[in-house]
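Chemist: Structure below; questions to follow.
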Amino acid sequence: DVKVTQSSRYLVKRTGEKVFLECVQDMDHENMFWYRQDPGLGLRLIYFSYDVKMKEKGDIPEGYSVSREKKERFSLILESASTNQTSMYLCASSSPTGGFTYEQYFGPGTRLTVT
Amino acid sequence: AQRVTQPEKLLSVFKGAPVELKCNYSYSGSPELFWYVQYSRQRLQLLLRHISRESIKGFTADLNKGETSFHLKKPFAQEEDSAMYYCALRASGTYKYIFGTGTRLKVLA
């Protein structure tokens with residue numbers, strides 16, 4: 070079974086703090102993703118990475134950065150947390166599988182509250 | 003622009019009634035379409051994909067390229083089907099997904 074783990078289930082931070090969200094997958098997947106999940110807005114892609122040290126902006130990258138130093142680990146960084154970044158953050162990974170491609174495997178999510 | 007639209011935020015049906023969750027997409031090429039589901043307190047997971055043409059937990063979805071739709075259907079809803087359902091599109095040549103805004107399905111006893 071693919072396992073995608075996230076470092077925290079719940080996190081409370083203060084405005085202006087630097088926040089690190091960690092994601093680890095154990096299936097040697099090339100691709101990793103960070104999403105925000107908000108009611109009524111669905112899943113919105115923040116950043117993704119298709120290889121170590123490679124990254125691309127998603128739809129809502131402002132206020133975020135990422136790091137991928139090892140294939141299994143993808144970190145999301147909030148440089149200076151703001152209240153509008155209060156959300157559920159989902160990490161996912163994917164890889165081509167046989168004739169089908171790129172099923173995404175999700176972590177359990179980190180609910181971040183910025184006060 | 004590529005877009006996935008799920009017009010219903012909430013769909014409530016009685017147990018045993020048919021269910022149809024709507025999904026429309028906007029994409030000029032040949033997309034790959036998926037349905038993902040999130041049960042309460044569980045992680046988001048793949049339910050089915052159009053290229054598999056399979057039935058999972060009694061759900062089916064047919065890709066209608068003429069109407070650019072990929073509606074999810076089940077003839078008889080069960081209480082355990084209550085969950086959040088997301089339609090997603092993967093454009094050819096990419097590994098990114100575009101997700102819809104989701105539909106919460108509530109199956110009433």
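Residue numbers (the numbering used here), protein chains in the order written: chain A, 70 to 184; chain B, 3 to 111.
Beta carbons are placed, not taken as given, at the ideal position from N, Cα and C, and that holds for glycine.
Could you name the residues that DSSP lists as bridge partners for Thr-179(A)?
Modeler: Tyr-158(A).
Chemist: For chain A, check one thing: does any of its Cβ atoms lie closer than 7 Å to the Cβ of Arg-101(B)?
Modeler: A quick correction: the sequence has Phe, not Arg, at residue 101(B). Closer than 7 Å to some Cβ of chain A, the Cβ of Phe-101(B) qualifies, so yes.
Chemist: Along the beta strand (DSSP E) that carries Asn-26(B), what are the first and last residues, could you check?
Modeler: Residues 26-28.
Chemist: Judging by CA-CA distance, which residue of Cys-89(B), Gln-80(B), Ser-42(B) is the nearest neighbour of Ser-71(B)?
Modeler: Nearest option by C-alpha distance: Cys-89(B).
Chemist: Report all residues from its chain with a CB closer than 7 Å to the CB of Pro-177(A); omit the five preceding and five following residues, and keep chain order.
Modeler: Closer than 7 Å at the Cβ level, and outside the excluded window around Pro-177(A), lie Gln-75, Arg-78.
Chemist: Do Gln-154(A) and Val-121(A) have their C-beta atoms within less than 7 Å of each other?
Modeler: No; because the gap between Cβ atoms is not below 7 Å, this pair is not in contact.
Chemist: Considering only residues of the same chain and omitting the five flanking positions on each side of Tyr-29(B), which have a CB-CB separation below 7 Å?
Modeler: Taken in chain order, the residues that qualify are Gln-4, Leu-91, Ala-93.
Chemist: In the DSSP assignment, what are the bridge partners of Arg-5(B)?
Modeler: Arg-5(B) pairs with Ser-28(B).
Chemist: In angstroms with no decimal places, state the Cα-to-Cα distance between Leu-13(B) and Lys-59(B).
Modeler: One C-alpha to the other measures close to 18 Å.
Chemist: Would you list, in chain order, the members of the region 82-106 of chain B that have their beta-carbon closer than 7 Å to a beta-carbon of chain A?
Modeler: Residues passing the 7 Å Cβ filter: Tyr-88, Arg-92, Tyr-97, Lys-98, Tyr-99, Phe-101, Gly-102, Thr-103, Gly-104.
Chemist: So Asn-100(A) contacts chain B; which residues on that side make the cut at Cβ distance below 8 Å?
Modeler: Simply Tyr-97.
Chemist: Tell me whether the beta-carbon of Lys-76(B) lies closer than 7 Å to the beta-carbon of Val-21(B).
Modeler: Yes, the Cβ-Cβ distance between Lys-76(B) and Val-21(B) is below 7 Å.
Chemist: What's the call for Ile-53(B), buried or exposed, on a 16-neighbour Cβ count within 10 Å?
Modeler: Flag for Ile-53(B) reads exposed.
Chemist: Taking the runs of the beta strand (DSSP E) that are 3 residues or longer, which of them lie wholly in the region 38-72 of chain B?
Modeler: Fully enclosed beta strand (DSSP E) runs of 3 or longer: 47-51.
Chemist: So Leu-46(B) contacts chain A; which residues on that side make the cut at Cβ distance below 7 Å?
Modeler: Here the neighbours are Leu-159, Phe-175.
Chemist: Per DSSP, what kind of secondary structure is Thr-74(A) in: helix, strand or coil?
Modeler: In this structure, Thr-74(A) counts as strand in the three-state DSSP scheme.
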